[in-house]
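Trainee:
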Amino acid sequence: MPDYPEQEYLVSQNSRVIFPRQMGLWSIPLIGVGNHRQSTEQLAPHQHAGILEIVYLHRGRQLYCAQGKEYRLYGGNLFIMPPNIIHSTGGEPEEKSSFVWIHIDLSRRKNFLGLSEPMSEEIWEAFSRMPLTVAPGSPRMAFFLEEAVQAGLLRHPLRRSKIQLMALNFLMEALRCVEEKNERRLTADILSALELMDAACPETVPIQNLARSAGLSESRFRQKFKEQVGIPVLEYQCRRRIELAKRLIRETDASFAQIAEQLEFQSPAYFTRIFKKYVYETPSDYRSKIRKSGSTK
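Positions 1 to 297 (UniProt numbering) are the ones given, in order, by the sequence shown.
1) Is the separation between the beta-carbon of Pro29 and that of Ile51 shorter than 8 Å?
2) What residue from Glu179, Arg250 and Arg140 has the CA that sits closest to Ala126's CA?
3) When DSSP labels each residue in this structure, what does Thr145 get in the three-state scheme?
4) Out of Phe99, Leu194 and Arg239, state which residue places its alpha-carbon closest to the alpha-carbon of Ile31.
5) Return the chain-ordered list of same chain residues with a C-beta closer than 7 Å to the C-beta of Ala142, the five sequence neighbours on each side being excluded.
6) If you count every other CB in all the chains shown that lies within 10 Å of the CB of Gln13, and 16 or more means buried, which is it?
7) Kindly identify the DSSP beta-bridge partner or partners of Lys69.
8) Give a yes or no on whether the C-beta atoms belonging to His48 and Pro83 are separated by under 8 Å.
9) Of all the beta strand (DSSP E) runs that stay within the bounds of the segment 87-160, which reach a length of 3 or more residues?
10) Which residue's Cα is closest to the Cα of Lys96: Tyr236, Gln228, Gln266 and Asp285?
11) Below 8 Å CB to CB, which residues in the same chain sit around Ile190 once its five sequence neighbours on both sides are set aside?
12) According to DSSP, simplified to helix, strand and coil, what is Val233?
13) Taking the Cβ atom as the reference point for each residue, do Leu113 and Gln164 lie within a distance shorter than 8 Å?
14) Between the Cα of Ala199 and the Cα atoms of Gln62, Leu244 and Leu106, which residue gives the shortest distance?
15) Here's a check: name, in chain order, each residue in its chain whose Cβ is nearer than 6 Å to the Cβ of Gln62, leaving out the five neighbours to either side.
16) What are the start and end residues of the beta strand (DSSP E) that includes Glu41?
17) Are the CB atoms of Tyr9 and Leu153 nearer to each other than 8 Å?
18) According to DSSP, simplified to helix, strand and coil, what is Val279?
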């Protein structure tokens, strides 16, 4: 069983976390709201014994690795991690994103989530059988856990009841989303735009060209792209160039000035600044780390 702090909440620059277990809600050890304004350090390999973890990525994107597979999440995705599975960000930083997450203790079957039977048994069964899952979520999921955290932080008069209700709403919404779809589906016009940008990389495709190809106005294309992919169009193209830069750093001996020129960055200094923004380390530090580990992944 993971160790949780004895206090009722923790607040930091990147997150607000409450610990409902300390308030008497034994099935809910943790609820958190995260807001990473830039890339942060990697999530090291870890597991939660007996604890189900559910993450809803509200905006941005994130890579998770588990059971030898990579799972790329975009804004609007739901990620369900069963107990006892080692997971991490695969050595990559946690990316710029906003998200909510919850830990559910599956070791306590009786009166699960403080509910009476048979309701508690039905919900426990549904989540105890849940495999590792990525599915489209809904914005309401962020609202539910944000409300729960707010109630915990502000010592709402009915905070225990409100936290329990919001957590239950979140879990029922998660079940509904998983039942409806098993993977995120991009519409044909956005998928075509992604393919066009990937083929053109490192060149930046003008937004007006992408919008025209999709048969949309520029404003509608920007909005639709961000809704489905989770990040703005220009940021997506910048991130693709950074991914290419990482590959060149790993697999070649090209200088950083050469890489910056090849990938059409304004200058080596600008390349270094953008690389550090998304990778959380300089190109030099990244190459040194790769060479020390002997990895070219």
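Cβ atoms here follow ideal geometry from the backbone N, Cα and C, with glycine treated the same way. In this text, all values refer to a predicted model and were calculated from it rather than measured experimentally.
Mentor: The answer reads as follows:
1) Counting from one through the sequence shown, the residue named residue 29 turns up at place 29. Counting from one through the sequence shown, the residue named residue 51 turns up at place 51. Yes, the Cβ-Cβ distance between Pro29 and Ile51 is below 8 Å.
2) In the sequence shown, the residue the question calls residue 126 occupies position 126. Ranking Glu179, Arg250 and Arg140 by Cα distance to Ala126 puts Glu179 first.
3) Reading the sequence shown from its first residue, position 145 is the one you call residue 145. The sequence given here places Leu at residue 145; Thr does not occur at that position. In the structure shown, Leu145 sits in a helix (DSSP, three-state: H, G or I).
4) The residue given as residue 31 occupies position 31 in the sequence shown. Comparing Cα positions, the closest option is Phe99.
5) Taking the first residue of the sequence shown as position 1, residue 142 is located at position 142. Same-chain partners within the cutoff: Tyr56, His58 and Val100.
6) Working through the sequence shown from its first residue, we reach residue 13 at position 13. Exposed, since its Cβ has fewer than 16 Cβ neighbours within 10 Å.
7) Looking up residue 69 in the sequence shown gives position 69. Answer is Ala66.
8) For the purposes of this step, residue 48 is taken as residue 48 along the sequence shown, with counting starting at 1. For the purposes of this step, residue 83 is taken as residue 83 along the sequence shown, with counting starting at 1. Cβ atoms of His48 and Pro83: closer than 8 Å.
9) 97-105 and 133-136
10) Residue mapping note: residue 96 aligns to position 96 of the sequence shown, counting from 1. Lys96 has its Cα closest to that of Tyr236, out of Tyr236, Gln228, Gln266 and Asp285.
11) As a working note, residue 190 is residue 190 in the sequence shown. Here the set comprises Ala214, Lys224, Phe225, Gln228 and Val229.
12) Taking the sequence shown and counting its residues from 1, one reaches residue 233 at position 233. If DSSP states are grouped into helix, strand and coil, Val233 belongs with the helices.
13) For the purposes of this step, residue 113 is taken as residue 113 along the sequence shown, with counting starting at 1. For the purposes of this step, residue 164 is taken as residue 164 along the sequence shown, with counting starting at 1. Their beta carbons are under 8 Å apart, which means Leu113 touches Gln164 by this criterion.
14) Along the sequence shown, read from residue 1 onward, the residue named residue 199 stands at position 199. Per the Cα distances, Leu244.
15) Taking the sequence shown and counting its residues from 1, one reaches residue 62 at position 62. Around Gln62: Leu73, Glu95 and Ser97.
16) Mapped onto the sequence shown, residue 41 falls at position 41. Residues Thr40 to Gln42.
17) The residue given as residue 9 occupies position 9 in the sequence shown. The residue given as residue 153 occupies position 153 in the sequence shown. Yes, they are a contact pair.
18) Taking the sequence shown and counting its residues from 1, the one referred to as residue 279 is at position 279. Helix, per DSSP.
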